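Colleague: Got a structure for you, questions after.
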Amino acid sequence: MDESLSSSCHKMTDETFILLRDFIYEQSGIYFGDNKKGQLEARLGLRLRANNLADYDKYYYLLKYDPNAARELRSLFDSVTTNETSFFRSPPQIQAFQDKVMPEVISRKEKQSEKQIRLWSAGCSTGEEPYTMGIVLRQVLNDKGTSWDVKIVASDISEKALRSAKAAVYSDYSLRSVPPEIKREFFLSEGNAYRIIEEVRNLVDLQYLNLNDTRRIQIMKGFDVIFCRNVLIYFDDEAKKRFVSQLYDCLNHGGYLFIGHSESLHNISRAFKLVHFPGALGYKKE
Ligand SMILES: C[S@@+](CC[C@H](N)C(=O)[O-])C[C@H]1O[C@@H](n2cnc3c(N)ncnc32)[C@H](O)[C@@H]1O
Numbered sequence: 177m178d179e180s181l182s183s184s185c186h187k188m189t190d191e192t193f194i195l196l197r198d199f200i201y202e203q204s205g206i207y208f209g210d211n212k213k214g215q216l217e218a219r220l221g222l223r224l225r226a227n228n229l230a231d232y233d234k235y236y237y238l239l240k241y242d243p244n245a246a247r248e249l250r251s252l253f254d255s256v257t258t259n260e261t262s263f264f265r266s267p268p269q270i271q272a273f274q275d276k277v278m279p280e281v282i283s284r285k286e287k288q289s290e291k292q293i294r295l296w297s298a299g300c301s302t303g304e305e306p307y308t309m310g311i312v313l314r315q316v317l318n319d320k321g322t323s324w325d326v327k328i329v330a331s332d333i334s335e336k337a338l339r340s341a342k343a344a345v346y347s348d349y350s351l352r353s354v355p356p357e358i359k360r361e362f363f364l365s366e367g368n369a370y371r372i373i374e375e376v377r378n379l380v381d382l383q384y385l386n387l388n389d390t391r392r393i394q395i396m397k398g399f400d401v402i403f404c405r406n407v408l409i410y411f412d413d414e415a416k417k418r419f420v421s422q423l424y425d426c427l428n429h430g431g432y433l434f435i436g437h438s439e440s441l442h443n444i445s446r447a448f449k450l451v452h453f454p455g456a457l458g459y460k461k462e
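Residues in the sequence shown are numbered consecutively from 177, following my numbering.
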């Protein structure tokens with residue numbers, strides 16, 4: 177939507193901006209810096225209209241004290257999150273995952289006679305990332321596929337994004353980096369759109385999960401690879417440190433974390449071993 181249109185209808189005072197910004201941060205770790213007031217005003221303008229409210233103060237009180245606050249919180253998260261994503265995003269990372277990381281994980285597990293693989297797309301948005309992981313895994317396992325127990329957990333704080341992920345139907349634009357032979361093998365054409373095939377769809381377990389929910393994250397264990405790409409960018413350093421340290425605990429020894437290609441764990445965590453792949457970095461739990 178045109179964010180400037182909604183902001184022209186309602187004005188947010190600086191005091192209310194601080195209240196709402198702190199509330200969103202406490203709930204989700206997502207931080208709106210002082211320069212993001214206009215953006216927050218525009219995004220929440222929609223919620224004001226949906227709730228028939230005259231100003232942002234009333235919206236804040238709804239979130240804090242209304243009996244329906246929990247439901248509104250989910251809609252708030254839909255409004256304040258940025259869900260930009262695509263299949264095979266940051267190709268060098270996907271290549272590293274395919275050529276180096278998964279073969280390493282698989283050969284270690286074969287030696288241990290353990291045929292279980294657990295992957296996690298934390299902040300999966302509309303599903304392109306976990307389905308990409310599924311496609312790659314199908315290719316890496318090839319004809320050995322059926323003998324492995326594979327699950328890809330895909331979680332997000334946006335219910336709206338998860339609904340799209342569940343539908344698993346995508347436009348040409350989402351598939352812009354998908355090689356033609358993969359498009360033919362793993363997608364079914366539906367008019368102008370593409371549906372991911374059931375075999376890959378069934379590998380992915382979609383879950384509503386707020387990364388700020390420490391207790392929920394604590395029970396996420398035993399992952400071989402975690403993709404948490406282009407999510408930390410919305411958090412401040414304190415929240416990044418907390419999440420990354422929790423993600424470390426969620427990984428198996430020998431497991432890898434991938435963050436966005438423009439993100440870094442510099443000053444955030446020293447726990448991982450930095451591994452250089454062609455054009456990409458991985459963070460390994462040794
Ligand atoms: C820009 S998208 C990235 C999608 C995908 N990982 C990629 O790199 O293409 C960021 C996603 O992180 C999710 N997100 C933001 N804060 C979150 C939180 N506290 N818990 C879970 N997901 C969150 C957003 O809803 C959004 O879908």
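Note that the Cβ used here is the ideal one computed from N, Cα and C, for glycine as well.
Being a predicted model, the structure only gives us computed values, none of them experimental.
(1) Quick one: what does DSSP say F193 is sitting in, helix, strand or coil?
(2) Cα separation between I444 and F411?
(3) Does K240 come out as helix, strand or coil in the three-state DSSP assignment?
(4) Run the proximity test for S350: is its beta-carbon closer than 7 Å to any non-hydrogen atom belonging to ligand 1?
(5) Per the DSSP calculation, W324 is bridged to which residue(s)?
(6) List the residues that DSSP assigns as beta-bridge partners of V451.
(7) Can you find the residues in the same chain that come closer than 7 Å, C-beta to C-beta, to I409, ignoring five residues on each side of it along the sequence?
(8) Under three-state DSSP, which class holds V312?
(9) May I ask you to report which of helix, strand or coil DSSP gives N211?
(10) Give the range of the beta strand (DSSP E) segment to which F403 is assigned.
(11) Helix, strand or coil for R294? Go by DSSP, reduced to three states.
(12) Would you call the CB atoms of I328 and S297 closer than 8 Å?
(13) Beta-carbon separation of E305 and F403 under 8 Å?
(14) Measuring straight from C-alpha to C-alpha, what distance separates D233 and K240?
(15) When you compare each of L385, R360, Q383, L382 to I373 by their alpha carbons, which one comes out closest?
(16) Confirm the yes/no value for this check: CB of C426, any heavy atom of ligand 1, distance under 7 Å.
Modeller: In brief:
(1) In the sequence shown, residue 193 corresponds to position 17, counting from 1. Here F193 sits in helix by DSSP.
(2) By 1-based counting over the sequence shown, the position of residue 444 is 268. By 1-based counting over the sequence shown, the position of residue 411 is 235. Spanning the two alpha carbons is a distance of roughly 12 Å.
(3) Counted from its first residue, the sequence shown places residue 240 at position 64. In this structure, K240 counts as helix in the three-state DSSP scheme.
(4) In the sequence shown, the residue the question calls residue 350 occupies position 174. Incorrect: S350 has no Cβ contact closer than 7 Å to ligand 1.
(5) As a position in the sequence shown, residue 324 is number 148, starting the count at 1. In DSSP, W324 forms no bridge with anything.
(6) For the purposes of this step, residue 451 is taken as residue 275 along the sequence shown, with counting starting at 1. G458.
(7) Reading the sequence shown from its first residue, position 233 is the one you call residue 409. Hits under 7 Å: G436, E439.
(8) On the sequence shown, position 136 is the one that residue 312 refers to. Helix.
(9) The count along the sequence shown starts at 1 and reaches residue 211 at position 35. If DSSP states are grouped into helix, strand and coil, N211 belongs with the helices.
(10) What you label residue 403 is simply residue 227 of the sequence shown in a count that begins at 1. Looking at the DSSP string, the run of the beta strand (DSSP E) that includes F403 is 399 to 404.
(11) Here residue 294 refers to the residue found at position 118 of the sequence shown. Strand at R294.
(12) Position 152 of the sequence shown, counted from the start, is the residue given in the question as residue 328. Position 121 of the sequence shown, counted from the start, is the residue given in the question as residue 297. For I328 and S297, yes; Cβs fall inside 8 Å.
(13) Counted from its first residue, the sequence shown places residue 305 at position 129. Counted from its first residue, the sequence shown places residue 403 at position 227. Going by C-beta atoms, E305 is nearer than 8 Å to F403.
(14) What you label residue 233 is simply residue 57 of the sequence shown in a count that begins at 1. What you label residue 240 is simply residue 64 of the sequence shown in a count that begins at 1. Cα to Cα, the separation comes out at about 11 Å.
(15) Here residue 373 refers to the residue found at position 197 of the sequence shown. The residue with the shortest Cα to Cα distance from I373 is R360.
(16) Taking the sequence shown and counting its residues from 1, one reaches residue 426 at position 250. Answer for C426: no, Cβ out of range of ligand 1.
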